[in-house]
Structure formats: C-alpha cells, structure tokens
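Everything below concerns the one structure shown next.
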Ligand code: BG6
Ligand code: MG
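In the numbering used here, the protein residues as written are 11 to 229.
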C-alpha cells in the first residue's frame with residue numbers, strides 16, 4: 011500500500027493514560043462494592059465514557075437509573091481529570107516523538123483519532139497541541155469505536171483516502187474501527203489482546219518509517 015497518513019489513538023498509544031482510566035474505574039468499582047481487574051479493563055479501552063460505565067456495571071451486575079449513571083460517569087471523570095492534570099511531557103511514550111518527526115520529514119500526514127473528551131487537555135499537558143495535522147476527539151464524534159467515524163473524519167480532514175491510512179491503536183475496539191474504516195492497523199500491545207491488528211508492536215522504540223513501509227508493502 012501507499013502510506014499517505016498515519017492516524018494515532020491517544021490513550022495507550024501516545025501516552026499511557028490507559029492506566030489512569032483503569033485507576034479511576036477501579037476506584038469507582040470498589041466504591042460500588044466489587045473488584046475490577048486489569049484484564050476486564052481491556053474491554054473498556056477505546057470505548058466511550060458512557061459505554062465504559064455500562065460494561066463496568068454489567069461486570070458488577072448492578073443496575074442504576076439514567077440520572078445515577080450520569081453521576082457515576084461524572085465521578086469517574088473527576089477522578090480521571092485529577093490524574094491527567096498532573097501530566098507532563100515526560101509521559102509521552104518512548105519513541106513516539108521520533109516516529110512522528112520522521113513521518114513529518116517524509117510528508118506523511120498525521121492525525122489524532124481519540125474517543126476521549128479530555129484529549130485536548132492531555133495534548134496541552136504534554137505540549138503536543140499543535141503536533142498533529144488534525145485532531146478528532148470525543149467532542150467531534152457521536153459514534154464510538156468500533157464504529158469507524160473517528161478515523162473516517164480524520165482521513166477526511168487530511169483529505170486522504172482510507173486505503174492510504176494506517177491507524178495506530180492499543181484497543182481491540184479501535185483495531186476493529188480501523189478495519190471498519192477500510193484502513194490498515196498497527197496494534198500497540200500484545201498479539202493476544204489485539205488479534206485483529208495487521209501487525210502488532212510493543213512500543214515505538216526501534217520502530218520507524220522503513221519498518222512500517224516494509225510491514226505493509228504487500229498489504
Ligand atoms: C478512550 C479510552 O481513548 O477514551 C477509553 O481508551 C475512554 O478508556 C474513552 O473511556 C473516553 O474518554 P474520556 O476521557 O472522554 O472519558
Ligand atoms: Mg487507546
């Protein structure tokens with residue numbers, strides 16, 4: 011394939027905010043009287059805040075009315091915002107900036123495609139607000155991953171066809187969203203958690219444009 015754009019998820023790809031989401035959700039679960047494991051948390055990755063709450067409540071076998079659910083989601087978000095308000099550029103995951111700079115040098119467009127409504131705050135904290143050619147976040151989409159909306163809007167803003175885009179994702183739902191958008195994907199994490207990704211890497215260290223091109227030359 012001819013790679014013209016790379017679209018990056020934020021949480022778990024650019025920064026390890028997945029751990030803060032997990033901490034905030036597990037605190038909420040504990041308050042509600044059940045425990046929530048890291049393996050169960052895989053189901054929440056890439057999923058919107060409200061849908062994450064639904065999954066969490068299913069795990070805890072709990073039912074609440076809509077008003078209470080909004081309060082619970084707000085409570086989790088307040089805790090999460092406490093964590094991310096302390097973030098610094100040191101929390102950008104290793105190798106990310108070098109890879110993004112390499113893409114820029116080779117005129118490959120970059121987009122952020124995140125389900126998070128806190129994406130702009132995180133980008134500000136890590137000094138990356140102006141790093142991507144376009145940012146599509148949870149405030150700009152109505153359909154959550156695995157719906158392809160977030161990536162399709164990213165490609166549209168860049169004016170690049172889906173077949174020329176590669177998505178970088180750490181979430182099962184995000185890899186499926188890429189597939190649903192007609193895009194190839196690089197999973198960040200393990201093959202066991204991301205079986206549908208075209209290729210999987212553990213991190214961006216030792217990864218660069220030549221490895222990317224090589225991996226996708228026949229795809
Ligand atoms: C995704 C995360 O990026 O954003 C999910 O992987 C999270 O875990 C979702 O639920 C929504 O984030 P926020 O910040 O709007 O609650
Ligand atoms: Mg993610």
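By construction, the Cβ of each residue, glycine as well, lies at the ideal position given by its N, Cα and C atoms.
Start-to-end residues for the beta strand (DSSP E) that takes in residue i
| i | result |
| --- | --- |
| residue 179 | 175 to 179 |
| residue 121 | 119 to 123 |
| residue 18 | 15 to 18 |
| residue 210 | 209 to 211 |
| residue 145 | 144 to 146 |
Contact with chain B by residue i, beta-carbon distance below 8 Å
| i | result |
| --- | --- |
| residue 100 | Here chain B cannot be found, since the structure has a single protein chain. |
Closer than 7 Å: residue i CB and nearest the ligand BG6 heavy atom
| i | result |
| --- | --- |
| residue 203 | no |
| residue 125 | yes |
| residue 59 | yes |
For residue i, the three-state DSSP class (helix, strand or coil)
| i | result |
| --- | --- |
| residue 160 | helix |
| residue 137 | coil |
| residue 198 | strand |
| residue 24 | coil |
| residue 170 | coil |
Terminal residues of the alpha helix (DSSP H) in which residue i lies
| i | result |
| --- | --- |
| residue 91 | 76 to 94 |
| residue 187 | 182 to 190 |
| residue 113 | 106 to 115 |
Any non-hydrogen atom of the ligand MG closer than 7 Å to residue i Cβ
| i | result |
| --- | --- |
| residue 151 | no |
| residue 19 | yes |
Integer Cβ distance of residue i from residue j, believed to fall under 8 Å
| i | j | result |
| --- | --- | --- |
| residue 226 | residue 17 | In fact, because the Cβ distance is near 14 Å, the residues do not count as touching under 8 Å. |
Can you confirm whether the stretch 20 to 30 touches the stretch 93 to 100 when touching is taken to mean that 3 or more C-beta pairs between the two stretches lie within less than 8 Å?
Yes, the stretch 93 to 100 touches the stretch 20 to 30.
Any chance the stretch 159 to 176 sits against the stretch 114 to 126, with 3 or more Cβ pairs inside 8 Å?
Under the Cβ criterion (8 Å, minimum of three pairs), the stretch 159 to 176 counts as touching the stretch 114 to 126.
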